[in-house]
Every structure is written in C-alpha cells, then in structure tokens.
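The structure appears below as structure tokens.
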Amino acid sequence: MKLAFSTNAYLKYSFPEAVRRLAAIGYAGIEIMADVPHAWPAFLLEEQKLAIRQALRDNKLVISNINAFMMHAVNDSRQRYWYPSWIEPDRHYRQVRIDHTLRALTLARELGAPCITTEPGGPVEPGGSWSAALSLFVGMIKPVVEHAEKEGVLLLVEPEPGLLIETVDQFLEFMQHIDSPALALNYDIGHAYCVGDEPATTIPRVAKYIRHFHLEDIAATRVHHHLVPGEGAIDFAATFQAIRAMNYQGWVTIELYPYVDDPDDAARTALTRVRKILGN
C-alpha cells in the first residue's frame, strides 16, 4: 500500500508549499484538492497547472487522487463541503456540481491523476424519497461517467454519513443502475465506521469496486469527525488485513481536513502511526 496525504488540511498554504512540506515529512503521494486555494478547475490558468506539475516533480510526489468532493469556492451557506449536490432541487444549481466534476475529470487527465472523488448524491430533502433521490442521482451522473470514460480517468463515488449513499448496501444498489469501467468506489474507512459498516467486514463485499481509500480515525461514538489515526476506535490492524486480502496495490490517502491549524503535526503523526501498523 502506498501512503498519500490530502491537501485539504493545507488550506492556509499554497500548493507548492504544501507539496514541499509533505515531501519533507516523508509521503510518497498527494491528493490534490480541486478547490480553492489549490486547484479550482473553473479558473485554473495554464501557468498554474504548470506550477502544479513542477512542484510535484521537484518534490518527487505522485498524485494519488483529485478531490472533487469539496466545493469551498461556491461557499454555500449550508455547508461548504458537499453543496451544491448532485440532487439539488434547483436543476441549475445541480449543474454547478455537474460542471465542476466534468472539469475535474479533465484536470485529472491533464495532470496525470488516475481518479477523482465526488460526493454520493448529497442530503435527501426532508420528507423526500430515497429511491427518487437515487434515480435523480443516477440520471445526473451518467453523462459525467461517459466523460470519465473519454478522459480515461476513474470517477469514484465516496459514501458519506448523512448523504444519499452512506453504506455499502446503498452503494451496491446504486451500482446496479450504471455499468461502466470508469465508475468505482472511494472507500473512506472512517465514513464506513461512522455508519456501522465495520471496515474489516465490508471491504471484502465491495473490493471489486474499490480503486482508492481514504483513511482517518473516528471516535467510539461514531460521530463523523476526522481524527489522527490512533486517536479513535477503528481497528486498523484488521482493516489493513482486509485491504491486503484484496491484493490492493493502490493509494491510501490520509484525510485530516480538520487539522488546518497544524497540518504538519497531523500529517507526521499519522504517517508514523500508520507505518507502524503496516510494519513499514
């Protein structure tokens, strides 16, 4: 398993500075936030793309994933991470999410990233039908999956507590509606734990769809708040055993966005602890 760190913890730093710091800490890969301040696709100049490539080359880091989940640039007052969602009641607002994802896929191809992650349908409206929301999500994402196929980039849906797709059962139901080699799963270990999907037992159920992992710890309360590995209740030894059993050779990206005030310490501590668990 290859370990990367997400730049969504480095919102107070430029992309080149975040890359420099993570390389110095010892990471081999980096997840790029397709958002402000690092790589908002809608207004990313060619010279900025060149600077991203140069920073990666200079520090010998590889892109593990492009995170197109968060949309701080839109700055929706309800929540900055998953709004606008794929299932917004306003079709014009839904289109903002669709267009962002299309641009992120193209950016991934331009930067040589293997995949992007996206939110799993957004929150269902109060009193709304889950099945109707799933149908809308499928209808909205299908053309984007076709674009992913053309770009040669994987589009990874990431189940999230409180959103349309939370569990592996719901993800498997979603996958019954779309058949494409470009559509797969970003398995977030912490998110799974939050909704009662024990990683050690649910990873085997969706192993054929997993193309990338997010890793963070979660408290025993299962409240969705990302913690540095070792500070919560997840059984990482059993989790990594399940990942090894699927012969996974890809990236595991540590995602600790709450630690923006001291991302270096979080990144360093996480790397040390995860390496110890892995026996590296």
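In case it helps, the working numbering puts the sequence shown at residues -1 to 278. For every residue, glycine included, the Cβ atom is placed at its ideal position computed from N, Cα and C.
Residue burial classification, residue i (beta-carbon count within 10 angstroms, cutoff 16)
i: S83; result: buried
i: L1; result: buried
i: W80; result: buried
i: S4; result: buried
i: R76; result: exposed
i: T219; result: exposed
i: R89; result: exposed
Helix, strand or coil at residue i [DSSP, three-state]
i: F211; result: strand
i: D186; result: strand
i: M173; result: helix
i: L153; result: strand
i: L59; result: coil
i: V193; result: coil
i: T219; result: coil
i: I275; result: helix
i: V204; result: helix
i: E144; result: helix
i: E15; result: helix
i: E29; result: strand
i: I241; result: helix
Straight-line gap, residue i to residue j (C-alpha atoms, nearest Å)
i: T251; j: I139; result: 24 Å
i: G119; j: P159; result: 11 Å
i: L254; j: H223; result: 9 Å
i: D215; j: M244; result: 21 Å
i: L59; j: P124; result: 43 Å
i: V258; j: A16; result: 11 Å
i: H145; j: D186; result: 24 Å
i: D177; j: A198; result: 26 Å
i: N65; j: V221; result: 22 Å
i: A180; j: F135; result: 16 Å
i: Y11; j: L20; result: 12 Å
Only counting runs of 4 or more residues, tell me where the alpha helix (DSSP H) segments fall wholly within the stretch 64 to 114, in order along the chain. 89 to 109
Kindly confirm or deny that the stretch 84 to 95 and the stretch 41 to 51 touch, where touching means at least three C-beta pairs closer than 8 Å. no
Counting beta carbon pairs with one atom in the stretch 163 to 170 and one in the stretch 221 to 239, are three or more of them shorter than 8 Å? no
Specify whether the stretch 89 to 97 and the stretch 16 to 32 touch according to this definition: at least 3 beta carbon pairs, one from each stretch, less than 8 Å apart. no
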